[in-house]
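One structure below.
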Amino acid sequence: MLVSLDRLVVGAHWLTDVAGSLALAVIIVAITMGVH
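In terms of the working numbering, the sequence shown opens at residue 14 and continues consecutively.
Put into structure tokens, the structure is as follows:
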């Protein structure tokens, strides 16, 4: 149980990191597109 829980937490952190990076990239692209 503990091992699977740890893996779940690590996976959740990784997912949020990836989602945050993707959202940031999309926002930056949208801003640069809007400026130009």
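Cβ atoms here follow ideal geometry from the backbone N, Cα and C, with glycine treated the same way.
Through-space distance from residue j to residue i, alpha-carbon basis
i, j, result
"Ile40", "Val31", "14 Å"
"Ala36", "Arg20", "24 Å"
"His49", "Val16", "49 Å"
"Leu18", "Ala25", "10 Å"
"Met46", "Gly33", "20 Å"
Chain-order list of residues whose beta-carbon lies under 6 Å from that of residue i (same chain, five-residue window excluded)
i, result
"Thr29", "none"
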